[in-house]
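Q:
Protein chains: 2
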Amino acid sequence: MKNTQSSYSSTCPSKSRSTTLPNSIKYCAQCGTLVEEKIPSGETLLRAVCPSCQTIHYENPKIVAGCIPEWEDKILLCRRAIEPRIGLWTFPAGFMELGESTEEAAARETLEEAHADIIIHTLFGIFSLPHVSQVYVVYRAQLQNLNFKPGPESLEVELVSLTDIPWEHLAFPVIHESLARYVKDIQAATSQSHSAVVPTKQHPSFYSS
Amino acid sequence: MKNTQSSYSSTCPSKSRSTTLPNSIKYCAQCGTLVEEKIPSGETLLRAVCPSCQTIHYENPKIVAGCIPEWEDKILLCRRAIEPRIGLWTFPAGFMELGESTEEAAARETLEEAHADIIIHTLFGIFSLPHVSQVYVVYRAQLQNLNFKPGPESLEVELVSLTDIPWEHLAFPVIHESLARYVKDIQAATSQSHSAVVPTKQHPSFYSS
Numbered sequence: 098m099k100n101t102q103s104s105y106s107s108t109c110p111s112k113s114r115s116t117t118l119p120n121s122i123k124y125c126a127q128c129g130t131l132v133e134e135k136i137p138s139g140e141t142l143l144r145a146v147c148p149s150c151q152t153i154h155y156e157n158p159k160i161v162a163g164c165i166p167e168w169e170d171k172i173l174l175c176r177r178a179i180e181p182r183i184g185l186w187t188f189p190a191g192f193m194e195l196g197e198s199t200e201e202a203a204a205r206e207t208l209e210e211a212h213a214d215i216i217i218h219t220l221f222g223i224f225s226l227p228h229v230s231q232v233y234v235v236y237r238a239q240l241q242n243l244n245f246k247p248g249p250e251s252l253e254v255e256l257v258s259l260t261d262i263p264w265e266h267l268a269f270p271v272i273h274e275s276l277a278r279y280v281k282d283i284q285a286a287t288s289q290s291h292s293a294v295v296p297t298k299q300h301p302s303f304y305s306s
Numbered sequence: 098m099k100n101t102q103s104s105y106s107s108t109c110p111s112k113s114r115s116t117t118l119p120n121s122i123k124y125c126a127q128c129g130t131l132v133e134e135k136i137p138s139g140e141t142l143l144r145a146v147c148p149s150c151q152t153i154h155y156e157n158p159k160i161v162a163g164c165i166p167e168w169e170d171k172i173l174l175c176r177r178a179i180e181p182r183i184g185l186w187t188f189p190a191g192f193m194e195l196g197e198s199t200e201e202a203a204a205r206e207t208l209e210e211a212h213a214d215i216i217i218h219t220l221f222g223i224f225s226l227p228h229v230s231q232v233y234v235v236y237r238a239q240l241q242n243l244n245f246k247p248g249p250e251s252l253e254v255e256l257v258s259l260t261d262i263p264w265e266h267l268a269f270p271v272i273h274e275s276l277a278r279y280v281k282d283i284q285a286a287t288s289q290s291h292s293a294v295v296p297t298k299q300h301p302s303f304y305s306s
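Residue numbers (our numbering), protein chains in the order written: chain G, 98 to 306; chain W, 98 to 306.
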């Protein structure tokens with residue numbers, strides 16, 4: 098679904114951990130009082146704390162769940178119809194909602210973005226993006242039929258051969274990293290679950306974030 | 098670190114997705130105005146939306162990162178000194194912070210709870226707990242030395258043989274599920290990355306949540 102949570106902001110939460118909070122919380126969500134920044138008793142990090150009702154407002158990384166849908170020797174990619182990175186390519190993925198499993202979230206996003214029915218089969222990898230406090234959970238999935246078509250967030254949805262992946266027109270570094278590892282696995286006829294931090298030092302220069 | 102985000106609450110976000118929001122957001126964190134529950138344009142789920150500054154307050158599942166620290170044929174377990182489930186056993190795990198990778202979060206929690214130095218080696222599994230909107234990311238790790246001792250959140254920290262795991266005194270169903278799969282993998286001399294939803298239908302009756 099459309100979800101305007103920003104995907105690649107320029108803020109860097111990691112740099113602010115010890116000295117100041119990301120200023121996303123100014124007022125208490127429970128009682129509306131202006132919060133204070135303090136280190137609660139027994140903790141070591143600054144938190145937004147309500148001086149009135151004492152609620153501690155924790156902020157945590159968000160999960161983006163997605164999958165690489167496979168059909169014979171091709172994979173399904175979507176060209177983004179929304180910002181950020183409108184017009185660039187990705188596999189189906191989006192922010193996980195409350196009450197879902199990661200598998201359900203990946204399947205829902207695939208249905209929404211590509212009207213594509215899939216069956217999740219293996220965990221492909223988990224990719225941490227500490228600079229934006231996101232964690233991608235990516236599955237390999239089996240496309241069930243060819244009745245896919247663009248959802249409201251996609252301009253195009255296409256089955257792409259691994260030799261035709263639009264490497265210079267991928268939406269995000271994590272998509273590039275995931276697909277590069279995927280192609281390598283397929284070429285080596287291996288199946289593994291990856292765990293990595295993105296961006297890596299080897300990142301292509303055409304990404305601005 | 099001590100972090101009072103509740104771990105196993107009795108609320109069930111999944112049941113409230115279509116009709117009402119979990120009532121954790123009453124006031125806008127940006128401007129302090131009382132929020133309204135509405136489905137924003139282009140979306141399908143109810144969100145807390147500020148009628149004054151229009152901020153949409155998304156709520157997302159939280160990541161708990163942890164590891165199973167290995168030393169020869171034993172693993173390191175901690176007995177919890179804090180609620181929930183005080184006095185029961187777990188492997189080191191806790192809520193991921195902004196600006197971290199999942200690996201860093203798992204290593205930090207292990208240091209905090211058990212003063213234990215580890216090196217992460219493989220992704221053991223990802224376990225979704227949709228009833229509490231949490232996702233556990235669990236690694237296998239190599240304990241680097243025997244200088245472990247209880248941190249402030251632990252009553253005891255012990256190296257335990259797989260035949261001595263206190264199955265009926267584990268803190269959470271996800272710990273039970275993870276360790277059951279771990280023991281099975283070790284017995285079969287396999288290494289794989291799991292992905293599952295917890296609790297499963299086979300869950301032991303001695304857990305209340």
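All C-beta atoms in this analysis are idealised placements derived from N, C-alpha and C, irrespective of residue type, glycine included.
Note that this is a predicted model, so its numbers are computed, not measured.
Note down, in chain order, every chain G residue with its Cβ under 7 Å from the Cβ of W/GLY163.
A: Taking the first residue of the second sequence as 1, we reach residue 163 of chain W at position 66. Chain G residues near W/GLY163: none, gap ~13 Å exceeds 7 Å.
Q: What whole-angstrom Cβ distance do G/PHE188 and G/ILE283 have, given they're in contact under 8 Å?
A: What you label residue 188 of chain G is simply residue 91 of the first sequence in a count that begins at 1. What you label residue 283 of chain G is simply residue 186 of the first sequence in a count that begins at 1. That pair is no contact at about 14 Å.
Q: Give me, in chain order, the residues of the same chain whose beta-carbon lies closer than 7 Å to that of W/ILE215; leave out the 5 immediate sequence neighbours on both sides.
A: Here residue 215 of chain W refers to the residue found at position 118 of the second sequence. Closer than 7 Å at Cβ, skipping near neighbours: CYS164, PRO166, ALA204, THR207, ALA238, GLN239, LEU240 and GLN241.
Q: Check whether the segment 175–183 of chain G touches the segment 244–261 of chain G, taking contact to mean three or more Cβ pairs, one atom from each stretch, closer than 8 Å.
A: Output reads yes: the segment 244–261 of chain G touches the segment 175–183 of chain G.
Q: Going by C-alpha to C-alpha distance, which of W/THR199, W/THR152 and W/VAL234 sits closest to W/GLU274?
A: The residue you call residue 274 of chain W lines up with position 177 of the second sequence. Closest by alpha carbon: W/VAL234.
Q: Taking the Cβ atom as the reference point for each residue, do G/LYS159 and G/GLN231 lie within a distance shorter than 7 Å?
A: Mapped onto the first sequence, residue 159 of chain G falls at position 62. Mapped onto the first sequence, residue 231 of chain G falls at position 134. A contact, by the Cβ cut-off of 7 Å.
Q: If you follow the alpha helix (DSSP H) that G/ALA213 is part of, which residue opens it and which one closes it?
A: Walking along the first sequence from the start, residue 213 of chain G turns up at place 116. Unbroken run through G/ALA213: none, as it is neither H nor E.
Q: Taking the C-alpha atoms as reference points, what is the distance between W/ILE136 and W/ARG144?
A: Your numbering for residue 136 of chain W matches position 39 in the second sequence. Your numbering for residue 144 of chain W matches position 47 in the second sequence. Approximately 6 Å between the Cα atoms of the pair.
Q: Between the alpha carbons of G/VAL294 and W/VAL295, how many angstroms are there, rounded?
A: Within the first sequence, the letter at position 197 stands for residue 294 of chain G. Within the second sequence, the letter at position 198 stands for residue 295 of chain W. The alpha-carbon atoms of G/VAL294 and W/VAL295 are separated by roughly 26 Å.
Q: Would you say W/GLU156 faces chain G, with C-beta separation under 7 Å as the test?
A: As a first step, residue 156 of chain W must be located in the second sequence, where it is residue number 59. Yes, W/GLU156 lies at the interface with chain G (some Cβ there is under 7 Å from its Cβ).
Q: What's the C-alpha gap between G/LEU243 and W/ARG278?
A: Translated into the one-based positions of the first sequence, residue 243 of chain G becomes position 146. Translated into the one-based positions of the second sequence, residue 278 of chain W becomes position 181. Spanning the two alpha carbons is a distance of roughly 36 Å.
Q: So which residues of chain W does G/LYS246 contact, with C-beta pairs closer than 9 Å?
A: For the purposes of this step, residue 246 of chain G is identified with residue 149 of the first sequence, where counting begins at 1. Those do not exist, as G/LYS246 stays about 18 Å from chain W at its closest Cβ, beyond 9 Å.
Q: Excluding the 5 residues flanking W/VAL280 on each side, which residues of the same chain have their C-beta closer than 6 Å to its C-beta?
A: As a first step, residue 280 of chain W is located in the second sequence; it is residue number 183 there, counting from the start. Result list for W/VAL280: LEU259, in chain order.
Q: Let me see if you follow: with CB-CB separation under 7 Å, is G/PHE127 close to chain W or not?
A: Counting from one through the first sequence, the residue named residue 127 of chain G turns up at place 30. With the sequence shown as reference, residue 127 of chain G is identified as Gln, and Phe is not the correct amino acid for it. Closer than 7 Å to some Cβ of chain W, the Cβ of G/GLN127 qualifies, so yes.
Q: Any idea if G/PRO227 is buried or exposed, counting beta-carbon neighbours within 10 angstroms, 16 or more meaning buried?
A: If you number the first sequence from 1, residue 227 of chain G lands on position 130. The residue in question, G/PRO227, is buried, as its Cβ has 16 or more Cβ neighbours within 10 Å.
Q: With H, G and I counted as helix, E and B as strand and the rest as coil, what does DSSP make of W/SER230?
A: Locating residue 230 of chain W in the second sequence gives position 133, counting from the first residue. Three-state DSSP puts W/SER230 in coil, outside helix and strand.
Q: Taking the straight line between their C-alpha atoms, what separation do you get for W/GLU183 and W/ALA268?
A: For the purposes of this step, residue 183 of chain W is taken as residue 86 along the second sequence, with counting starting at 1. For the purposes of this step, residue 268 of chain W is taken as residue 171 along the second sequence, with counting starting at 1. In the sequence under discussion, the amino acid at residue 183 of chain W is Ile, which differs from the Glu named in the question. Cα to Cα, W/ILE183 sits roughly 8 Å from W/ALA268.
Q: Where does W/PRO270 fall in DSSP's three states?
A: Taking the first residue of the second sequence as position 1, residue 270 of chain W is located at position 173. It is helical.
Q: To the nearest angstrom, how far is the alpha carbon of G/PHE245 from that of G/GLU169?
A: Taking the first residue of the first sequence as 1, we reach residue 245 of chain G at position 148. Taking the first residue of the first sequence as 1, we reach residue 169 of chain G at position 72. Near 15 Å, if we compare the C-alpha coordinates of G/GLU169 and G/PHE245.
Q: Quick check on the burial criterion: 16 or more other C-beta atoms within 10 angstroms. Buried or exposed for G/PRO181?
A: Along the first sequence, one-based indexing puts residue 181 of chain G at 84. Exposed: under 16 other Cβ atoms inside 10 Å.
Q: Would you list the one or two residues that DSSP bridges to G/VAL307?
A: No answer is possible for residue 307 of chain G: it lies beyond the span of chain G, which begins at 98 and ends at 306.
Q: With W/THR287 and G/ILE223 assumed to form a contact (beta carbons below 8 Å), what rounded beta-carbon distance in angstroms separates them?
A: The sequence position of residue 287 of chain W within the second sequence is 190, counting from 1. The sequence position of residue 223 of chain G within the first sequence is 126, counting from 1. No, W/THR287 and G/ILE223 are not in contact; Cβ-Cβ is about 20 Å, not under 8 Å.
Q: Can you tell which of W/PHE192, W/SER225, W/GLU156 and W/ALA190 has the C-alpha that lies nearest to the C-alpha of G/GLU194?
A: Taking the first residue of the first sequence as position 1, residue 194 of chain G is located at position 97. Cα-wise, what sits closest to G/GLU194 is W/GLU156.
Q: How far does the beta strand (DSSP E) with W/GLU250 in it extend, from its first residue to its last?
A: Position 153 of the second sequence, counting from 1, holds the residue named residue 250 of chain W. Neither: W/GLU250 is in no beta strand (DSSP E) and is coded neither H nor E.
Q: Using a cut-off of 8 Å between C-beta atoms, extract the partners of G/TYR124 located in chain W.
A: To locate residue 124 of chain G, count along the first sequence from 1; it is residue 27. Those are TYR124, CYS125, ALA126, GLN127, CYS128 and GLY129, listed as they occur along chain W.
Q: Interface residues of chain W around G/ILE216 at Cβ under 8 Å?
A: Your numbering for residue 216 of chain G matches position 119 in the first sequence. What G/ILE216 touches in chain W: nothing, since even the nearest Cβ is about 13 Å away.
Q: Taking only beta-carbon positions, decide if G/VAL257 is within less than 7 Å of chain W.
A: As a first step, residue 257 of chain G is located in the first sequence; it is residue number 160 there, counting from the start. Judged by the 7 Å Cβ criterion, G/VAL257 is not in contact with chain W.
Q: Taking the straight line between their C-alpha atoms, what separation do you get for W/HIS266 and W/ALA211?
A: Here residue 266 of chain W refers to the residue found at position 169 when the second sequence is read from its first residue. Here residue 211 of chain W refers to the residue found at position 114 when the second sequence is read from its first residue. Taking the straight line joining both Cα atoms gives about 18 Å.
Q: Please classify G/ALA213 as buried or exposed, where buried requires at least 16 neighbouring CB atoms within 10 angstroms.
A: Reading the first sequence from its first residue, position 116 is the one you call residue 213 of chain G. With 16 or more other Cβ atoms within 10 Å, it is buried.
Q: Leaving out five residues on either side along the sequence, give the residues of the same chain with a beta carbon under 7 Å from the beta carbon of G/PRO263.
A: Taking the first sequence and counting its residues from 1, one reaches residue 263 of chain G at position 166. So the qualifying residues of the chain are TRP186.
Q: Which residues does DSSP pair with G/THR187 in a beta bridge?
A: If you number the first sequence from 1, residue 187 of chain G lands on position 90. Answer is G/CYS175.
Q: Only counting the same chain, and skipping five residues up and downstream in sequence, which positions put a Cβ closer than 8 Å to that of W/PRO126?
A: Reading the second sequence from its first residue, position 29 is the one you call residue 126 of chain W. For the record, residue 126 of chain W in the displayed sequence is Ala; it is not Pro. The answer, listed in chain order, is THR152 and HIS154.
Q: Give the DSSP-derived three-state secondary structure of W/TYR279 in the structure shown.
A: Walking along the second sequence from the start, residue 279 of chain W turns up at place 182. W/TYR279 falls in the helix class under three-state DSSP.
Q: For the beta strand (DSSP E) holding W/ARG144, just list the boundary residues, first then last.
A: Position 47 of the second sequence, counted from the start, is the residue given in the question as residue 144 of chain W. First-last of the beta strand (DSSP E) with W/ARG144: 144–146.
Q: Which of helix, strand or coil does DSSP assign to W/GLN284?
A: For the purposes of this step, residue 284 of chain W is taken as the residue at position 187 of the second sequence. If DSSP states are grouped into helix, strand and coil, W/GLN284 belongs with the helices.
Q: Please report the straight-line C-alpha distance between W/VAL161 and W/GLY191, rounded to a whole angstrom.
A: On the second sequence, position 64 is the one that residue 161 of chain W refers to. On the second sequence, position 94 is the one that residue 191 of chain W refers to. So the two alpha carbons sit approximately 5 Å from each other.
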